[in-house]
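*Asks:* First to last, the protein sequences are chains A and B.
Under numbering that gives the first Met the number 0, the first residue of the first sequence carries the number 0, and numbering increases by one thereafter.
Under numbering that gives the first Met the number 0, the first residue of the second sequence carries the number 0, and numbering increases by one thereafter.
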Amino acid sequence: MTQSVVVQVGQCGNQIGCRFWDLALREHAHVNKRGLYDEALSSFFRNLCNDTTGSKLCAQRILKQNICAVLTLTYLNPQAVLVDMEEGVVNEILQGPLREVFDSGQLLTDVSGSGNNWAVGHMTYGSAYREQIVDKLRKAAEHCDCLQCFFLIHSMGGGTGSGLGTRVLGLLEEEFPEVCRIVTSIYPSAEDDVITSPYNSVLAMSALTEHADCVLPVENQSLVDIVNKINRMSHSGKLGSVIKTDSTVISGQGGVSGAEKPFDAMNNIVANLLLNITSSARFEGSLNMDLNEIAMNLVPFPHLHYLVPSLTPLYPLADVSVPTRRLDQMFSDAFSKDHQLIRGNPKHSLYLACALMLRGNVQMSDLRRNIERLKLSLPFVSWNQEGWKTSLCSVPPVGHSQFLLALANNTCVKATFMELRERFTKLYRKKAHLHHYLHVEGMEQNTFSEAISSLSSLIEEYNHLDGTKGRVMPDAHRLSIAR
Amino acid sequence: MSVVTVQLGQCGNQVGHELFDIICSDAHEPQRKEYRSASCERFFHHTAHGDLEARAVLVDMESKVINRSMSKAAKSGRWRYGESSHFSQKQGSGNNWANGFCVHGPRHREAVEELVRREVERCDRLAGLMAMMSVAGGTGSGVGTYVTQCLREIYPKSFIVNHLTWPYGTGEVIVQNYNSVLSLAHLYQLSDAILVHENDTVHKICSQLLNLRDISFSDINSIIAQQLGGVLQPALTTDSYGVYSRNPLGELLSALTCHPEYKLLSVSTVPQMPSASVAYSTFSWPGMLKHLRQMLISNTKMEEGIDWQVRPPSGSERTRSVTGVGFNTSLANLLILRGKDVYSAETGGFEDPALYTSWLSPHTAFNLWKSPVPFKYEKSATLVSNSQALLRPLDNMVGKAWNMFASKAYVHQYIKFGFTEEDFLDSFTSLEQVISSYSQLC
């Protein structure tokens with residue numbers, strides 16, 4: 000069994016991270032009724048209890064406590080490093096019910112924040128805290144028997160998540176070149192209240208393109224749309240569409256934190272993305288997908304590693320009739336815009352590769368039937384017409400009987416990037432707010448021009464592939480053999 | 000003589016386990032003592048306590064599958080794997096052939112070689128080595144190829160046979176065609192014969208002949224193991240004078256691989272049916288052999304949807320090098336009959352010169368083994384064929400991989416582990432050579 004370490008940076012990263020830990024504990028408590036520390040737990044949690052008899056009791060207590068949310072969590076320690084340059088969010092965690100699971104050695108905070116400035120996060124704090132961050136990452140890695148993957152969670156728009164987050168990504172590559180780096184990045188909405196968010200995002204993008212193995216882009220606006228849709232459904236009260244309220248996507252109830260805070264609903268959705276992408280690493284299944292297989296199968300060219308996630312079903316209906324139709328519907332939904340975590344239309348763009356990660360009661364034959372059915376309507380690049388990777392995990396998420404996470408390497412991400420470039424150019428043309436960045440030591444104007452040209456060449460790569468779409472591509476001439 | 004099996008990767012370890020289980024549960028009747036002891040000598044040895052222990056080495060880069068296979072074997076109570084004849088690590092090869100071949104293989108070379116050496120030393124006489132793996136993933140294909148290469152170095156004079164499972168056309172691993180091309184190209188230089196099972200074909204057997212609905216990998220694996228058992232269990236060869244052959248791999252190779260350019264073997268068997276139907280079926284040699292012969296010449300791998308229109312070309316057609324439409328030319332065939340009345344079975348249909356290349360007489364190209372001991376069914380026939388049967392799937396595989404390579408897609412993932420584009424080109428070249436040789440058989 001391999002282990003992973005979660006690195007959560009900035010306000011957004013820490014909020015999502017904590018939703019993830021909360022939901023992960025709940026999921027394990029749900030499956031692991033006896034409350035023993037097991038292999039499934041070991042991929043993300045460390046057992047602090049050394050003697051075996053003790054560890055049984057401890058894990059038992061912890062998981063029980065997780066359900067009742069009363070007592071303290073003393074013996075399970077999430078493999079995580081929490082970094083923020085202000086104290087608010089991390090303090091909130093330390094006052095909340097998850098306080099006992101984290102160790103102060105895993106935390107790193109400052110007081111003044113990065114002022115929504117990528118350069119402050121990346122250069123100033125990045126240099127000041129470099130040693131401390133590396134030290135904490137090494138400690139986390141030392142606790143792992145066989146470290147396979149780092150999950151970095153951050154947002155693109157602000158200063159800390161975006162600037163320091165991408166600095167941490169670079170450090171991970173330097174220190175642990177063999178360990179896979181999967182980054183979850185939250186992209187700002189167009190009407191974001193941070194005026195410099197286009198700068199921050201574009202500067203962060205160039206680091207993501209260079210140093211990540213996979214990036215799971217999530218747009219804030221898509222999260223808002225999904226939450227609105229769920230709210231509409233749960234208040235419509237239509238017959239046959241009554242929603243179960245205790246499922247994992249829409250509710251954090253049953254976790255250790257009780258009351259829900261604003262953004263919790265949105266953060267929950269991203270936490271669920273992480274929960275599902277790691278499910279195959281945590282639980283058994285007849286067709287496992289190792290975390291290092293994700294990049295291997297889905298990333299045909301080094302820079303094109305932005306994978307569009309979609310989750311389905313977003314809400315399980317309370318009514319349980321017509322299961323096969325519902326199952327097929329789930330597969331169809333995964334390829335519709337409504338269930339995607341970024342906007343953009345995959346069916347009008349080009350698929351380079353696609354992974355279907357299934358959980359719960361799904362058979363190999365369901366999978367094959369649905370791929371056969373769906374592939375007719377999905378444009379795949381000429382040299383990867385059969386670019387499907389699949390996995391089956393036997394444990395479904397809490398409150399669901401089946402669940403599907405699709406990761407598509409699709410050229411539709413281009414739209415998000417182009418929009419971002421446009422907003423960047425609008426500011427940059429007038430040199431607006433530039434001086435805030437150029438004040439920062441280590442920051443130069445060509446950092447900007449390099450970042451924007453890196454983004455442009457990324458978009459160009461997607462354009463190039465899009466250009467092959469619809470054209471009949473002749474098979475490449477085979478090697479001929481002298482006879 | 001004994002065979003040492005090396006099970007590599009998830010697929011190799013699952014199929015291997017099924018194979019030993021089938022062999023062990025075969026022929027327990029007291030009057031079959033001679034057959035059974037010949038079979039045991041091949042695949043098992045007795046421990047000091049009298050238990051049966053498989054002559055096998057289990058290798059994988061993660062421990063889950065090995066642990067499951069070992070405990071399943073131990074639970075059967077009939078046989079088990081040697082307690083220390085397995086090697087595993089914690090992290091898989093991530094579907095990357097280069098990771099397996101260039102990194103994991105060399106890193107664990109000594110440990111694996113030592114396990115094989117111990118198993119070989121336990122044999123009174125070594126009949127050869129059999130390496131079992133799939134070609135789609137990273138460990139079976141990459142580490143498997145590397146281990147085969149090491150075995151070839153240490154045992155230059157021994158027979159080495161590879162059993163390969165070819166992946167489904169879609170859905171398992173996106174880079175499977177690369178991994179398959181790299182494995183096959185390397186193994187073709189190392190191995191004495193490559194015995195192939197295609198998942199798609201076996202899947203069809205499960206759904207159409209066995210009427211299984213939700214087909215799992217364990218269903219697929221047990222069909223493969225059943226067919227392999229039909230090939231590897233003891234049988235009487237024409238010149239063995241009533242004694243079970245003592246040299247299973249050697250006999251197999253001398254029957255089928257007469258030329259180093261041709262070493263791809265495929266297997267088909269009749270009958271295959273749900274066990275519930277067996278009681279209501281009658282088996283007759285003429286009927287079964289008629290079907291099997293047509294399956295061979297029309298290249299159908301199962302006893303359904305056989306194209307009865309396909310005929311061997313007549314003498315004049317042959318010279319025109321274009322063989323009949325859909326006709327499958329053989330280089331060599333080995334027919335193994337097991338069960339009741341084997342000695343009365345008429346196999347003349349397989350000795351027709353029109354089935355074979357012009358440069359080999361049917362007398363050399365066709366071999367027949369028989370055993371009066373029934374294997375699963377009252378009567379059963381297994382045909383191992385060195386023919387054009389695998390030409391089309393091989394050509395498809397190389398074509399798809401080449402298309403991907405022309406766009407340089409995924410190549411960086413291999414280069415990361417020290418493989419180069421020239422290495423890719425070499426592999427493509429050597430498989431194009433194989434394709435060209437097989438397509439020119441006439």
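Note that CB positions come from ideal geometry on N, CA and C, so glycine has one too.
State the beta-bridge partners of residue 359 of chain A as determined by DSSP.
*Replies:* If you number the first sequence from 1, residue 359 of chain A lands on position 360. Residue 359 of chain A is bridged to A:401.
*Asks:* Using C-beta distances below 8 Å, list every residue in its chain close to residue 30 of chain A, excluding the 5 sequence neighbours before and after it, in chain order.
*Replies:* For the purposes of this step, residue 30 of chain A is taken as the residue at position 31 of the first sequence. Closer than 8 Å at the Cβ level, and outside the excluded window around residue 30 of chain A, lie 39, 282, 394.
*Asks:* Given the structure, does residue 292 of chain A come close to the ligand ZN, in the sense that its CB is under 7 Å from one of the ligand's heavy atoms?
*Replies:* Ligands are entirely absent from the displayed structure, and the ligand ZN is therefore not among its contents.
*Asks:* Residue 494 of chain A CB to nearest chain B CB: under 8 Å?
*Replies:* Residue 494 of chain A lies beyond the range of chain A shown here (0 to 482); nothing can be said about it.
*Asks:* If we cut at 8 Å on Cβ distances, does residue 386 of chain A have a partner in chain B?
*Replies:* Reading the first sequence from its first residue, position 387 is the one you call residue 386 of chain A. By this cut-off, residue 386 of chain A is an interface position.
*Asks:* Report the residue from A:278, A:102, A:188, A:97 whose alpha carbon sits nearest the alpha carbon of residue 416 of chain A.
*Replies:* The count along the first sequence starts at 1 and reaches residue 416 of chain A at position 417. The residue with the shortest Cα to Cα distance from residue 416 of chain A is A:188.
*Asks:* So with CB distances below 8 Å, who are the chain A contacts of residue 89 of chain B?
*Replies:* What you label residue 89 of chain B is simply residue 90 of the second sequence in a count that begins at 1. Under the 8 Å cutoff, chain A gives 0, 1, 144, 145.
*Asks:* To the nearest angstrom, how far is it from the Cα of residue 186 of chain B to the Cα of residue 144 of chain B?
*Replies:* Stepping through the second sequence from its first residue, residue 186 of chain B is reached at position 187. Stepping through the second sequence from its first residue, residue 144 of chain B is reached at position 145. If you take the alpha carbons of residue 186 of chain B and residue 144 of chain B, they lie about 6 Å apart.
*Asks:* Taking just the CA atoms, how far does residue 9 of chain B sit from residue 337 of chain A?
*Replies:* As a first step, residue 337 of chain A must be located in the first sequence, where it is residue number 338. As a first step, residue 9 of chain B must be located in the second sequence, where it is residue number 10. For residue 337 of chain A and residue 9 of chain B, the distance between alpha carbons rounds to 37 Å.
*Asks:* Helix, strand or coil for residue 78 of chain B, going by three-state DSSP, please let me know.
*Replies:* Position 79 of the second sequence, counted from the first residue, corresponds to residue 78 of chain B. Three-state DSSP puts residue 78 of chain B in coil, outside helix and strand.
*Asks:* Can you check whether the CB of residue 325 of chain B is closer than 8 Å to the CB of residue 309 of chain B?
*Replies:* Counting from one through the second sequence, the residue named residue 309 of chain B turns up at place 310. Counting from one through the second sequence, the residue named residue 325 of chain B turns up at place 326. Taking 8 Å as the Cβ cut-off, residue 309 of chain B and residue 325 of chain B qualify as a contacting pair.
*Asks:* Kindly indicate which residue of B:35, B:67, B:38, B:26 has the alpha-carbon position closest to the one of residue 285 of chain A.
*Replies:* As a first step, residue 285 of chain A must be located in the first sequence, where it is residue number 286. When each option's Cα is compared against that of residue 285 of chain A, the closest is B:67.
*Asks:* Roughly how far, in whole angstroms, is the beta-carbon of residue 221 of chain A from the beta-carbon of residue 341 of chain A, given that I think they are within contact range, below 8 Å?
*Replies:* Locating residue 221 of chain A in the first sequence gives position 222, where the first residue counts as 1. Locating residue 341 of chain A in the first sequence gives position 342, where the first residue counts as 1. That belief holds up - the Cβ atoms of residue 221 of chain A and residue 341 of chain A are roughly 6 Å apart, short of 8 Å.
*Asks:* What would DSSP say about residue 369 of chain B, mapped onto helix, strand or coil?
*Replies:* Counted from its first residue, the second sequence places residue 369 of chain B at position 370. Correct three-state label for residue 369 of chain B: strand.
*Asks:* Would residue 172 of chain A and residue 166 of chain A be called neighbours here (beta carbons separated by less than 8 Å)?
*Replies:* In the first sequence, counting from the first residue as 1, residue 172 of chain A sits at position 173. In the first sequence, counting from the first residue as 1, residue 166 of chain A sits at position 167. It is not a contact, given that the beta carbons lie outside the stated cut-off.
*Asks:* Are the region 404 to 412 of chain A and the region 297 to 306 of chain A touching by the rule of at least three beta carbon pairs closer than 8 Å?
*Replies:* Yes: at least three Cβ pairs fall under 8 Å.
*Asks:* Any idea if residue 17 of chain B is buried or exposed, counting beta-carbon neighbours within 10 angstroms, 16 or more meaning buried?
*Replies:* Here residue 17 of chain B refers to the residue found at position 18 when the second sequence is read from its first residue. Buried, because 16 or more other Cβ atoms sit within 10 Å of the Cβ of residue 17 of chain B.
*Asks:* At which residues does the beta strand (DSSP E) containing residue 387 of chain A begin and terminate?
*Replies:* As a working mapping, residue 387 of chain A is identified with position 388 in the first sequence. It spans 387 to 392 - the beta strand (DSSP E) in which residue 387 of chain A sits, taken as one unbroken run.
*Asks:* For residue 299 of chain A, return the contacting residues in chain B, with the cut-off set at a CB-CB distance below 7 Å.
*Replies:* Position 300 of the first sequence, counted from the start, is the residue given in the question as residue 299 of chain A. Here the neighbours are 408, 409.
*Asks:* Consult DSSP for residue 88 of chain A and reduce its assignment to one of helix, strand or coil.
*Replies:* Locating residue 88 of chain A in the first sequence gives position 89, counting from the first residue. Helix at residue 88 of chain A.
*Asks:* For residue 75 of chain A, which option in A:114, A:28, A:117, A:109 has the closest C-alpha, if you only look at C-alpha atoms?
*Replies:* Within the first sequence, numbered from 1, the residue matching residue 75 of chain A stands at position 76. When only C-alpha atoms are compared, the closest one is A:28.
*Asks:* Keeping to the same chain, check which residues put their C-beta closer than 8 Å to that of residue 351 of chain B; ignore five residues upstream and five downstream.
*Replies:* Within the second sequence, the letter at position 352 stands for residue 351 of chain B. Closer than 8 Å at the Cβ level, and outside the excluded window around residue 351 of chain B, lie 311, 361.
*Asks:* Is the beta carbon of residue 102 of chain B closer than 8 Å to that of residue 450 of chain B?
*Replies:* Residue numbering for chain B in the displayed model covers 0 to 441; residue 450 of chain B lies beyond these limits and cannot be assessed.
*Asks:* Run through the DSSP bridge pairs and tell me what residue 180 of chain A is partnered with.
*Replies:* For the purposes of this step, residue 180 of chain A is taken as residue 181 along the first sequence, with counting starting at 1. Paired residues: A:149.
*Asks:* Just how far apart, CA to CA, sit residue 102 of chain A and residue 8 of chain A?
*Replies:* Here residue 102 of chain A is taken as the residue at index 103 of the first sequence, counted from 1. Here residue 8 of chain A is taken as the residue at index 9 of the first sequence, counted from 1. Looking at the two C-alpha atoms, the distance is approximately 16 Å.
*Asks:* Leaving out the 5 sequence neighbours to the left and right, which residues in its chain are closer than 6 Å to residue 203 of chain A when beta-carbon positions are compared?
*Replies:* Position 204 of the first sequence, counted from the first residue, corresponds to residue 203 of chain A. Result list for residue 203 of chain A: 155, 161, 165, in chain order.
*Asks:* Anyone know if the C-beta pair for residue 21 of chain B and residue 363 of chain A falls short of 8 Å?
*Replies:* Along the second sequence, one-based indexing puts residue 21 of chain B at 22. Along the first sequence, one-based indexing puts residue 363 of chain A at 364. Contact: no.
*Asks:* Beta carbons nearer than 7 Å to chain A: which residues of the region 419 to 436 of chain B have them?
*Replies:* Taking 7 Å as the Cβ-Cβ cut-off against chain A, the residues of the region 419 to 436 of chain B that qualify are 427, 428, 431, 432, 435.
*Asks:* With DSSP as the reference, label residue 216 of chain A as helix, strand or coil.
*Replies:* Sequence index remark: in the first sequence, residue 216 of chain A carries index 217 (1-based). In the structure shown, residue 216 of chain A sits in a strand (DSSP, three-state: E or B).
*Asks:* Which residues bound the beta strand (DSSP E) around residue 196 of chain B?
*Replies:* Locating residue 196 of chain B in the second sequence gives position 197, counting from the first residue. First-last of the beta strand (DSSP E) with residue 196 of chain B: 192 to 197.
*Asks:* Going straight from the alpha carbon of residue 34 of chain B to that of residue 235 of chain B, what length do you get?
*Replies:* Within the second sequence, residue 34 of chain B is the residue found at index 35, counting from 1. Within the second sequence, residue 235 of chain B is the residue found at index 236, counting from 1. Roughly 10 Å between the two C-alpha positions.
*Asks:* Got a sec? Which residues, its chain only, sit under 7 Å from residue 426 of chain A by beta carbon, not counting five neighbours each side?
*Replies:* Within the first sequence, residue 426 of chain A is the residue found at index 427, counting from 1. Same-chain partners within the cutoff: 197, 198, 432.
*Asks:* Pick out whichever of B:284, B:412, B:6, B:365 has its Cα sitting closest to the Cα of residue 134 of chain B.
*Replies:* On the second sequence, residue 134 of chain B is found 135 positions in, with the first residue counted as 1. Among B:284, B:412, B:6, B:365, the Cα nearest to that of residue 134 of chain B is on B:6.
*Asks:* Who pairs with residue 1 of chain B in a beta bridge, going by DSSP?
*Replies:* For the purposes of this step, residue 1 of chain B is taken as residue 2 along the second sequence, with counting starting at 1. Partner(s): B:125.
*Asks:* Return the chain-ordered ranges of every alpha helix (DSSP H) run that is complete within the region 234 to 307 of chain B and spans a minimum of 4 residues.
*Replies:* The qualifying runs are 247 to 255, 274 to 277, 284 to 296.
*Asks:* For residue 397 of chain B and residue 367 of chain B, what's the separation of their Cα atoms in angstroms?
*Replies:* On the second sequence, residue 397 of chain B is found 398 positions in, with the first residue counted as 1. On the second sequence, residue 367 of chain B is found 368 positions in, with the first residue counted as 1. Their backbone Cα atoms lie some 33 Å apart in a straight line.
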